[in-house]
Amino acid sequence: MESRPADVDAGHAADLDELVGIDRGRQLCECDHGDDEAYAACGRKAKWRVTVDCVCGENHPRTVEILCSRCMRTLRQSHGREAITVRPL
Ligand SMILES: [Zn+2]
Ligand SMILES: [Zn+2]
């Protein structure tokens, strides 16, 4: 009986493939376009990963949002350029 360590490593490689597959999935903008009563997702194709600093003065942690170009621009106007960091998805 020979031991074959290569077979043990194969399991890890499969896990990595799965993670990459999730990242490649189509992502939609989750910006809320609804009113106070109902949530309505924007649903456009998301292009940006946006990190948002707290601007209310209560030191909330940063939040990350996945947004389309239009909602990213709206957010930049309401929060100011310094408060948000934009990266392409
Ligand atoms: Zn806040
Ligand atoms: Zn949007």
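Residue numbering for the sequence shown follows my numbering, starting at 98 and increasing by one per position. The beta-carbon is built from N, C-alpha and C at its ideal position, and this holds for glycine as well. Just so it is clear, the structure is predicted and the values come from calculations on it, not from any experiment.
Under the criterion of beta carbons closer than 8 Å, R146 and R184 qualify as touching, at roughly 5 Å. Judged by DSSP in its simplified three-state form, R123 adopts coil rather than helix or strand. In this model, S166 and A143 are separated by some 7 Å (Cα to Cα).
Annotation for L186: no alpha helix (DSSP H) segment contains it, and DSSP assigns it neither H nor E. DSSP places A180 within a helical segment (H, G or I) once states are collapsed to three. Contact check for I163 and C126: beta-carbon distance about 7 Å, within the 8 Å limit, so the pair qualifies.
If the five residues before and after R123 are omitted, its C-beta is found closer than 8 Å to the C-beta atoms of K142, all from its own chain and listed in chain order.
The beta strand (DSSP E) runs lying completely inside the region 119-171 and spanning 3 residues or more are 145-149 and 160-164, given in chain order. For V161, the Cβ stays outside the 8 Å cut-off from all heavy atoms of ligand 1.
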